[in-house]
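To start, the structure itself, in structure tokens.
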Amino acid sequence: MLHLGLGNFFRAHQAWYTARASDAGQWGIAAFTGRRPCLADALSAQDGLYTLLTRGSDRDRFDTLAGLSATHAGHDHRAWTDHWRLPGLAVVTLTVTEAGYLRRPDGGLDTGADTVRADIAALRADPTAPAVTAAGKLLTGLAARDRRGLGRIAVVSCDNLPDNGTVLENTVRELARHTGRPELTAAIDGCATFATTVVDRITPRTTDEDLAAVAAATGLADAAPVVTEPFSEWVISGEFPAGRPRWEETGARFVADVTPYEQRKLWLLNGAHSLLAYAGGIRGRTTVADAVADPVCRAWLAEWWAEASRHLTLPHEESAAYRTALLDRFANPRIRHALAQIAADGSQKLPVRILPVLRRERAAGRVPQGAVRVLAAWICHLRGSGVPVTDTDAARIVPLAQGPLPAAVRGILAFLGFEHAADRTLVDAVRDQAEALCAQ
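Heads up, this note's numbering is the position in the sequence shown plus 230, with the first residue counted as 1.
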């Protein structure tokens with residue numbers, strides 16, 4: 231197996247599922263970093279071993295995971311293409327966050343981004359050249375595999391995007407077309423299938439206190455432990471032509487269509503996270519547990535969930551049980567999931583977490599106060615309230631959010647790709663909520 235995005239979530243989720251499979255011994259994982267090249271060195275020095283600290287509401291569990299057979303810095307192009315040339319490679323997974331797909335609000339590849347332009351130029355000149363973007367790296371890997379005459383493998387997106395397998399495939403194919411190299415499109419056709427997944431496990435950033443807790447409990451100076459919650463879910467749909475680990479033995483669910491599970495997770499969990507991050511941050515809360523303990527935030531959460539749940543297709547009892555479990559997960563004080571971490575890249579997250587519900591509610595003639603509140607809180611966040619702004623599109627969205635609120639609301643809705651940005655009723659509702667929130 232090969233993985234792009236050597237972060238905490240991958241090591242708490244896909245690597246954890248693989249390590250617990252009965253055939254784990256047959257499935258080493260070579261992982262490449264995304265934003266933190268130093269993590270590869272830290273894990274390499276530990277022979278790929280790391281501690282998974284699972285924090286329940288009343289106790290800790292410490293497990294040593296050993297599934298990483300190699301770790302590399304993301305810029306190690308030679309190691310990257312060498313792994314793609316291995317006949318035994320069967321699965322490539324990636325966790326690069328929503329922003330890592332570099333898409334415009336309309337879903338197309340952002341060819342105006344500097345890194346995308348650089349990859350197009352480099353791959354147009356030489357399809358084996360080092361690439362910067364995730365899509366570019368996949369293209370170079372597929373080209374290397376195709377040149378060896380090797381067969382198809384599964385490429386598996388594990389990021390919080392609707393229909394993420396199709397999104398990834400379209401992004402890679404669009405980049406290939408822009409290079410003007412037909413052999414790159416042929417490499418996609420001949421060497422890849424794209425699986426769609428839903429992933430769920432709250433995994434906050436590791437703190438110095440976590441490092442100390444691992445050292446005290448295990449006697450080991452682990453430089454790269456991961457903290458996570460007991461709950462985990464993985465729903466998968468797709469073809470694995472070269473085989474895969476027996477993930478179903480460790481709780482993964484294989485289905486024909488992930489959409490019902492995808493909507494439940496994106497709207498109820500991720501949408502709630504965005505609400506708490508922006509609105510809770512404005513109220514001075516710093517973690518999810520802090521925010522959900524606030525009666526005001528909790529009432530806002532219930533309002534949002536009621537709106538979103540109206541449009542879920544899973545049985546009502548199943549969705550209700552999921553919401554009950556979410557409250558317990560959010561309230562776990564031993565998982566310090568920082569609102570500032572969740573708030574990052576709202577420009578990429580809100581279109582898939584909030585706007586689908588907003589569209590459905592407006593189509594039914596309703597003004598959904600829960601969805602409106604998230605947008606209003608995000609605008610206040612961009613105007614300087616609550617947690618600091620960290621967003622790949624900050625240069626565009628922060629100026630849009632300034633000035634008179636009605637114009638700011640229209641500008642932000644248009645940026646997000648909401649087709650009814652001039653909807654006077656909606657604009658007024660968001661403005662009113664923003665005025666109330668920004669005044670806190």
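From the three backbone atoms N, C-alpha and C, an ideal C-beta is built for every residue, glycine too.
Q. Opposite A422 in the DSSP bridges: which residues?
A. I383
Q. What do you get for D621, buried or exposed, if any count of 16 or more other CB atoms within 10 angstroms of its CB means buried?
A. buried
Q) Does DSSP classify R566 as helix, strand or coil? A) coil
Q | Cβ-Cβ separation, P460 to G297 (assumed contact under 8 Å), whole Å | A | In fact, because the Cβ distance is near 19 Å, the residues do not count as touching under 8 Å.
**Q.** DSSP three-state assignment for R494, whether helix, strand or coil
**A.** helix
Q.
What does DSSP give as the partner residue(s) for W464 in the beta ladder?
A. V429
Q. Which residue comes first and which comes last in the alpha helix (DSSP H) that contains H704?
A. With the chain covering 231 to 670 only, the question about residue 704 has no answer from this structure.
Q.
Quick check on this structure: which residue in L269, F424 and L588 has the alpha carbon closest to the alpha carbon of V397?
A. F424
**Q.** Selection from D349, T358 and C610 that minimises the alpha carbon distance to G511
**A.** C610
Q. Pairing CB atoms from the region 478-494 with CB atoms from the region 529-536, are three or more of them under 8 Å?
A. no
Q. Are the region 437-449 and the region 405-412 touching, with three or more C-beta to C-beta distances below 8 Å?
A. no
Q: Please report the residue range of the beta strand (DSSP E) in which D293 lies.
A: D290 to L295
Q: Buried or exposed for V485, please, with buried defined as at least 16 other CB atoms from any protein chain shown within 10 angstroms of its CB.
A: exposed
(Q) Once the 5 residues before and after D312 are set aside, which same chain residues still bring their CB inside 7 Å of it? (A) none
Q. Mapping DSSP to helix, strand and coil, what is F560?
A. helix
Q) Among A329, R377, A521 and L368, which one has its Cα closest to the Cα of R566? A) A521
Q.
Restricting to runs no shorter than 4 residues, where is the alpha helix (DSSP H) found entirely within the region 300-335?
A. 307-314
Q) Hey, out of A538, R640, W246 and G381, whose CA is closest to R661's CA? A) R640
Q | Helix, strand or coil at V456 according to DSSP, with G and I counted as helix | A | strand
Q: Could you please give the first and the last residue of the uninterrupted alpha helix (DSSP H) stretch that includes T248?
A: Q244 to R250
Q. Given 8 Å as the limit, is there contact between the region 500-516 and the region 560-577, that is, 3 or more CB pairs closer than that?
A. yes
Q. By Cβ distance below 7 Å, which residues in the same chain neighbour Q632 in space, the five residues on each side in sequence not counted?
A. R613 and A638
Q: Could you check the C-alpha separation between G330 and G366 for me, to the nearest Å?
A: 11 Å
Q: In the DSSP assignment, find the unbroken beta strand (DSSP E) run with H650 in it and report its ends.
A: Careful: H650 lies outside any beta strand (DSSP E) and carries neither H nor E.
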